[in-house]
Amino acid sequence: MLINQFLLLGAALFSLGVYGVLSRRNAVLVLLSVEVMLAAVNLNLVVFDRAHQDVVAGGQVFSLFVMAVAAAEVGIGLAIVLLIFRNRRSANVDELDLMKL
Amino acid sequence: MSNVFTLAVPSLLAAGETKEFTDGGALAEWAWLIPVVPIVATFAIVFFGKRSPLKGWGMAWGSMAFVAVYGIILFFANLNEGITYEGAVAIGDWGADGLGHAFGIEWGWMVDGLSIMMYVVVGVVGVLVFTYAKGYMEGDIRYTWFFASFALFGGGMLVLVSAPNLIQLIVGWELVGVASWLLIGHYWEEHENSSAAIKAFLVNKVADVGLFIGAIIIGLSVGSFRFSAIMEHISHGADHSTLAQFSFWAGVAIFIGAMGKSAQFPLHVWLPDAMAGPTPVSALMHAATMVTAGVYLIGRLFPFYNTPGFADDVRWIIIIIGTLTLFLTGLIALVADDIKKVLAYSTLSQLGYMVVAMGAGAYTAGLFHLFTHAFFKSLLFLGAGSVIHAVHSNNMSDMGGLRKYMPQTYWTFMVGSLALAGIFPLAGFWSKDEILASLQYAGGNYTTAQGGDALANFVLVVAIAGAFVTAFYMTRAVSLTFFGTYKGHGHPHESPKIMTYPLIALASLSAVAGLINMPGITSWFTKALEARFLAPGDHHAEGLVISLAIIGTLAAVGGITAGYFLWFADKGTQQERDKFRIPVLYPLLENKYYIDDFYMNGIIRPIRGPVARAVDWFNGHIIDLALNGAGLVAIKAAKVVYWFDQRGVDGAINASAAAAGGTGGLLRLLQTGRVQQYAFLIVAGTVILVAGFLVF
Numbered sequence: 000m001l002i003n004q005f006l007l008l009g010a011a012l013f014s015l016g017v018y019g020v021l022s023r024r025n026a027v028l029v030l031l032s033v034e035v036m037l038a039a040v041n042l043n044l045v046v047f048d049r050a051h052q053d054v055v056a057g058g059q060v061f062s063l064f065v066m067a068v069a070a071a072e073v074g075i076g077l078a079i080v081l082l083i084f085r086n087r088r089s090a091n092v093d094e095l096d097l098m099k100l
Numbered sequence: 000m001s002n003v004f005t006l007a008v009p010s011l012l013a014a015g016e017t018k019e020f021t022d023g024g025a026l027a028e029w030a031w032l033i034p035v036v037p038i039v040a041t042f043a044i045v046f047f048g049k050r051s052p053l054k055g056w057g058m059a060w061g062s063m064a065f066v067a068v069y070g071i072i073l074f075f076a077n078l079n080e081g082i083t084y085e086g087a088v089a090i091g092d093w094g095a096d097g098l099g100h101a102f103g104i105e106w107g108w109m110v111d112g113l114s115i116m117m118y119v120v121v122g123v124v125g126v127l128v129f130t131y132a133k134g135y136m137e138g139d140i141r142y143t144w145f146f147a148s149f150a151l152f153g154g155g156m157l158v159l160v161s162a163p164n165l166i167q168l169i170v171g172w173e174l175v176g177v178a179s180w181l182l183i184g185h186y187w188e189e190h191e192n193s194s195a196a197i198k199a200f201l202v203n204k205v206a207d208v209g210l211f212i213g214a215i216i217i218g219l220s221v222g223s224f225r226f227s228a229i230m231e232h233i234s235h236g237a238d239h240s241t242l243a244q245f246s247f248w249a250g251v252a253i254f255i256g257a258m259g260k261s262a263q264f265p266l267h268v269w270l271p272d273a274m275a276g277p278t279p280v281s282a283l284m285h286a287a288t289m290v291t292a293g294v295y296l297i298g299r300l301f302p303f304y305n306t307p308g309f310a311d312d313v314r315w316i317i318i319i320i321g322t323l324t325l326f327l328t329g330l331i332a333l334v335a336d337d338i339k340k341v342l343a344y345s346t347l348s349q350l351g352y353m354v355v356a357m358g359a360g361a362y363t364a365g366l367f368h369l370f371t372h373a374f375f376k377s378l379l380f381l382g383a384g385s386v387i388h389a390v391h392s393n394n395m396s397d398m399g400g401l402r403k404y405m406p407q408t409y410w411t412f413m414v415g416s417l418a419l420a421g422i423f424p425l426a427g428f429w430s431k432d433e434i435l436a437s438l439q440y441a442g443g444n445y446t447t448a449q450g451g452d453a454l455a456n457f458v459l460v461v462a463i464a465g466a467f468v469t470a471f472y473m474t475r476a477v478s479l480t481f482f483g484t485y486k487g488h489g490h491p492h493e494s495p496k497i498m499t500y501p502l503i504a505l506a507s508l509s510a511v512a513g514l515i516n517m518p519g520i521t522s523w524f525t526k527a528l529e530a531r532f533l534a535p536g537d538h539h540a541e542g543l544v545i546s547l548a549i550i551g552t553l554a555a556v557g558g559i560t561a562g563y564f565l566w567f568a569d570k571g572t573q574q575e576r577d578k579f580r581i582p583v584l585y586p587l588l589e590n591k592y593y594i595d596d597f598y599m600n601g602i603i604r605p606i607r608g609p610v611a612r613a614v615d616w617f618n619g620h621i622i623d624l625a626l627n628g629a630g631l632v633a634i635k636a637a638k639v640v641y642w643f644d645q646r647g648v649d650g651a652i653n654a655s656a657a658a659a660g661g662t663g664g665l666l667r668l669l670q671t672g673r674v675q676q677y678a679f680l681i682v683a684g685t686v687i688l689v690a691g692f693l694v695f
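Top line first, the protein sequences correspond to chains A and B. Numbered by numbering that gives the first Met the number 0, the letters in the first sequence go through residues 0 to 100 in order. Numbered by numbering that gives the first Met the number 0, the letters in the second sequence go through residues 0 to 695 in order.
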């Protein structure tokens, strides 16, 4: 089985996600880009699992864990973004320089 | 007890005499307890005295009672069969001298006639004085401490008299000295009393130098400090003796030591001042401990002074010093107002008799006088203490008429005075008569250059005159104290029983103590003293010398009669009572021959003044110079240190701080707080790493 096309797709998706995280101003879109990166990683896990004919399907199971953790993370992330927006009337990442303090 | 060894020294007797003595058996082997018990009691009182029911008195009294009982048992055992025993425990080693003599440090105990006699004197007088002291010292602020020092006083004397070698003797000698210092200065709150204590200690120290030098000469030339070795050396004669070459100076040096402790002219000045101590201390000091030590020392080394070729040429010095002491100090007692001072000068005079007897070669007579004197002099001091206790004054001008108020003190004091004056048949009669009798023999001891018979006859005349003076001043003391009218304040009353019973006991002893050595009838004392390693070879009267006994008694009666006419008819004031004043003599006596003034102005001040000035100059010039120099150096050094601190140390610290600040300022630029910038840096770093791994 040839896996190059899947790996190239995963790399393209990951790069897309990185670009999104670094360039987007809106916090919600930054979180969305993180999800894209996680999807790329999940794709790679599933592909390698198939390629290696893993008996216990570890890659597929691990990708399920990643999805579950990602769902929880997005929940918390969106809650934080919501609170920031309420307090500052903006979800612009550039204006969030409180980490400097 | 494997390190205990005893010396079975055969008795060495001069002049072909041989005599066998026993070693005393278990009784002598356990005699080490005699000095140890009072010393242990001292420490027990110091540590537990205040918590004990009798506040330490019980332990002190018990230790003395033990010594008295043991001493009396030994005395009778010795009478039965002469004991010569020497026990020793080796406790150290001094190595050998150049001649191959090995010197060991030994602790030992001597049991022979002489030390047994001293055990009896110290024990019996000690136990009675300690009994008395319980009443006298009642309510004293340092009651417990007093009895600790007092037990040390007795214990030190017992260490001295039990010593079988010169080194231990010096240890005991100094223990007695330090205990006397503690006791004379017992009421140290008054400057006068602490000065008296220091004076006693220092005068004794001057004399101790003589003792040390003498002990060193004897020890090194004999090769041992043991008395038994010294006696054996002497018994071999002077012909091949190393000691004989130095014996004149050794004899003089030892005698100077004896002059200090036994308060011989001109080193007698400490003894009258020692009256500053509590009266029981004076009683013990003048009777049993301290002042008897010098006479004991001469007695212990008697063959050294009495064997031809050795220190026999020192004897004329001894006899002259003794004669001066017995007569000159007796005269001072005539003018003293303080009752204790009268007794103190009387002690000096009686010590003069003992020393004269020793110098005349009368070993038994001198020590017999020591023995009897111990009883009546302690009695007189305790009686004086009882009077002082009642009148609250030492001065006889505050007393008078006490006969009616204090009958027991009066009667016992009378017995003591008559015994001291030498009235038949009390103790003083026998011992004084024996000294006079032995002086008759003494003439042959001296060469013509040393005075010969003339010296001996002169001394005999002075001794008889001394007997007159003794009776004279004692009559004065008794008249002024107990007769006439009372001139003090308040109502005097008899002392409590704990004080009068010892007086009665001592009065009985003063009455009968002379009977143990009646010449020709009972010679128990002579026999008891004969037990020693080397026989003294002295002269002692075989029978009573009737002529001398009569002359001596007449002198005493004459003194009493003269005193009666002068002082018995008591007048009101001091001036009236002392109307009998000879112009030159009286001021001379009242100022104690100006000896104290001479010591102060002639010796102490001329030394003290220049020494003080020299010390001041040294302090002002040398020490201050050194101090100022040190100060200047310190200032210079401080300036260098300051510069280094400011420029060097502070510079380094500031520079490192500035460097840290600058670095922080640069690093702060990276800290933008923008999440995306951080994320970009992370990604960029990852890309660089991955690229690096791929390339390399």
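Ideal Cβ positions, reconstructed from N, Cα and C, are used throughout, including at glycine. Keep in mind the model is a prediction, meaning the values are calculated, not measured.
Examine chain B for any beta-carbon lying closer than 7 Å to the beta-carbon of residue i, and answer yes or no.
i, result
"valine 40(A)", "no"
"aspartate 96(A)", "yes"
Output, in chain order, the set of chain B residues within a Cβ distance shorter than 9 Å of residue i.
i, result
"valine 92(A)", "Arg673, Val674, Gln675"
According to DSSP, simplified to helix, strand and coil, what is residue i?
i, result
"valine 110(B)", "strand"
"alanine 14(B)", "The predicted position of alanine 14(B) is uncertain, since its pLDDT is 39 and thus under 50; a value taken from the coordinates is nonetheless stated next. Alanine 14(B): coil per DSSP, three-state reduction."
"proline 9(B)", "Because proline 9(B) carries a pLDDT of 40, less than 50, the predicted location of this residue cannot be relied on, and the following value inherits that uncertainty. Coil."
"asparagine 2(B)", "Residue confidence is low: asparagine 2(B) scores 40 on pLDDT, short of 50, so the model does not pin down where it sits. Its coordinate-derived value is still stated next. Reduced to three states, the DSSP call for asparagine 2(B) is coil."
"isoleucine 520(B)", "coil"
"tryptophan 93(B)", "strand"
"valine 29(A)", "helix"
"alanine 504(B)", "helix"
"tyrosine 84(B)", "strand"
"alanine 101(B)", "strand"
"asparagine 590(B)", "coil"
"asparagine 393(B)", "coil"
"arginine 49(A)", "helix"
"arginine 24(A)", "coil"
Grab the span of the alpha helix (DSSP H) containing residue i for me, first residue to last.
i, result
"phenylalanine 367(B)", "362-390"
"leucine 533(B)", "Here leucine 533(B) belongs to no alpha helix (DSSP H), and DSSP marks it neither H nor E."
"phenylalanine 597(B)", "Looking at the DSSP string, phenylalanine 597(B) is not in any alpha helix (DSSP H), and its letter there is neither H nor E."
"glycine 160(B)", "One detail in the question is off: residue 160(B) reads as valine in this sequence, not glycine. Segment 142-161, the alpha helix (DSSP H) holding valine 160(B)."
"valine 355(B)", "338-358"
"threonine 21(B)", "Element bounds for threonine 21(B): n/a, residue is neither H nor E."
"glutamine 59(A)", "57-87"
"tryptophan 60(B)", "56-79"
"serine 655(B)", "649-667"
"serine 246(B)", "241-260"
"glutamine 676(B)", "674-694"
"threonine 413(B)", "According to the sequence displayed, residue 413(B) carries methionine and not threonine. Run containing methionine 413(B): 406-420, per the alpha helix (DSSP H) assignment."
Nearest chain A C-beta to residue i closer than 7 Å, yes or no?
i, result
"alanine 678(B)", "yes"
"valine 682(B)", "yes"
Worksheet item: Along the stretch 15-33 of chain A, what residues have a CB closer than 7 Å to any CB found in chain B?
Response: If the cut-off is 7 Å between Cβ atoms, the stretch 15-33 of chain A has Val17, Val20, Leu21 near chain B.
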